[in-house]
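Quick notes on the structure that follows.
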Amino acid sequence: MVRNNRTSTVTEFLFSGFPRFEDGSLLFFIPLFIIYIFIVIGNLIVFFAVRMDTRLHNPMYNFISIFSFLEIWYTTATIPKMLSNLICEKKTISITGCLLQMYFFHSLGNSEGLLLTTMAIDRYIAICNPLRYPTIMTPQLCAQLSAGSCIFGFLVLLPEIVWISTLPFCGPNQIHQIFCDFEPVLRLACTDTSMILLEDAIHAAAIIFSVLVIAVSYVRIITVTLRIPSAEGRRKAFSTCASHLGVFLMFYGSVSLMYLRFSTTFPPTLDTVIALMFAVLAPFFNPIIYSLRNKDMKIAIKKLLRLQKVFNAPAS
Numbered sequence: 001m002v003r004n005n006r007t008s009t010v011t012e013f014l015f016s017g018f019p020r021f022e023d024g025s026l027l028f029f030i031p032l033f034i035i036y037i038f039i040v041i042g043n044l045i046v047f048f049a050v051r052m053d054t055r056l057h058n059p060m061y062n063f064i065s066i067f068s069f070l071e072i073w074y075t076t077a078t079i080p081k082m083l084s085n086l087i088c089e090k091k092t093i094s095i096t097g098c099l100l101q102m103y104f105f106h107s108l109g110n111s112e113g114l115l116l117t118t119m120a121i122d123r124y125i126a127i128c129n130p131l132r133y134p135t136i137m138t139p140q141l142c143a144q145l146s147a148g149s150c151i152f153g154f155l156v157l158l159p160e161i162v163w164i165s166t167l168p169f170c171g172p173n174q175i176h177q178i179f180c181d182f183e184p185v186l187r188l189a190c191t192d193t194s195m196i197l198l199e200d201a202i203h204a205a206a207i208i209f210s211v212l213v214i215a216v217s218y219v220r221i222i223t224v225t226l227r228i229p230s231a232e233g234r235r236k237a238f239s240t241c242a243s244h245l246g247v248f249l250m251f252y253g254s255v256s257l258m259y260l261r262f263s264t265t266f267p268p269t270l271d272t273v274i275a276l277m278f279a280v281l282a283p284f285f286n287p288i289i290y291s292l293r294n295k296d297m298k299i300a301i302k303k304l305l306r307l308q309k310v311f312n313a314p315a316s
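The opening residue of the sequence shown carries number 1 in full-length UniProt numbering; numbering runs sequentially from there.
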């Protein structure tokens, strides 16, 4: 990569993945704003529906509620800044803001990935070892797994972000993406960027490990489920896993397209589409999957909405 010979230090980055205002960026702002509001409200409904319905106070729904809570902050780390860039002529972010966006976006993403892995193991124990499930997945262990997923997800990225913060940025300042991400930012550093390969390898190993754990769990789940003699029993077993499997495929499918490309380069437009799928579309469909594919969740949401109407009703 050719470096600019200027010695002045870059204090902010310029996003180059957005259309100019005169090119109709407002047309992108409106649907993105609607999607963001839906993600926040949809995941809040799922979170409170689980918390307020005692029938859903079990490990599976507890993990779902925490995942929904994380989704709100996961999208908030990037979408508000995207919305701002769509309507502002100057589409910039400070280096500190960029580092914070990367840290929170990827830490929340890591926490969600760990939580999805935990949910797969939970379903594996529930279906493949149902008699021991209540003694294995105790409320204490469930709380520890949830907290551990979040704590580890936030701690594991700290050394990486601290290292990036020490790099000098003194050349080109254009990020060819719609949010701050590791590879586009590292390519702007005025120093040896061979560490990008190590970064890619670490991210790829973490993704592949999680995918393998979840895939092995579901291969075993499907094998055991197919041996259930009654059709009703098989249907019930599959239905408890369908929502999680759908979210897993969407989450890790978009993550794989984003981070398992190694040296492969995509056209800028395709890069932007993949980033939108990863950061926006996958979180958009998660509350839909969990509410429409789950009978108990639909009942809990209806109860929550009825309760909300009672509280909002004018006093007679």
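C-beta atoms are modelled at their ideal positions from N, C-alpha and C, and glycine is treated no differently.
Just so we're clear, the structure is a prediction, and the values are computed from it rather than from any experiment.
Exposure of residue i, with buried meaning 16 or more beta-carbon neighbours within 10 Å
i: Pro287; result: buried
i: Gly233; result: exposed
i: Leu56; result: buried
i: Arg123; result: buried
i: Thr191; result: exposed
i: Asn85; result: buried
i: Lys91; result: buried
i: Gln140; result: exposed
i: Val211; result: buried
DSSP state of residue i mapped onto helix, strand, coil
i: Gln174; result: strand
i: Phe15; result: strand
i: Ser194; result: coil
i: Asn228; result: At residue 228 the sequence reads Ile, which differs from the Asn that was named. Ile228 falls in the coil class under three-state DSSP.
i: Ala271; result: For the sequence presented, residue 271 should be read as Asp rather than Ala. The answer is helix: DSSP assigns Asp271 an H, G or I state.
i: Met137; result: coil
i: Pro283; result: helix
i: residue 335; result: Missing from the structure shown is residue 335; the chain here goes from 1 to 316 and no further.
i: Leu304; result: helix
i: Val2; result: Only weak support is given to the placement of Val2: the predicted model assigns it a pLDDT of 37, under 50, and the question is left unresolved by the model.
i: Asp181; result: coil
i: Val219; result: helix
i: Val10; result: coil
i: Ala189; result: coil
i: Pro159; result: helix
i: Leu276; result: helix
i: Leu257; result: helix
i: Thr166; result: coil
i: Phe105; result: helix
C-beta contact flag for residue i and residue j at 8 angstroms
i: Leu14; j: Met82; result: no
i: Ile221; j: Cys241; result: yes
i: Phe179; j: Ala275; result: yes
i: Tyr74; j: Glu12; result: no
i: Ser68; j: Val46; result: yes
i: Val255; j: Ile207; result: yes
i: Ala282; j: Phe251; result: yes
i: Val185; j: Cys88; result: no
i: Gln177; j: Asp271; result: yes
i: Ile35; j: Phe284; result: yes
i: Phe169; j: Ile95; result: yes
Residue-level contact to chain B via CB, residue i, 8 angstroms cutoff
i: Phe169; result: Here there is only one protein chain, and chain B is not present.
Ranges of the alpha helix (DSSP H) found wholly within the stretch 18-102, counting only runs of at least 4
The qualifying runs are 25-52, 59-76, 79-87.
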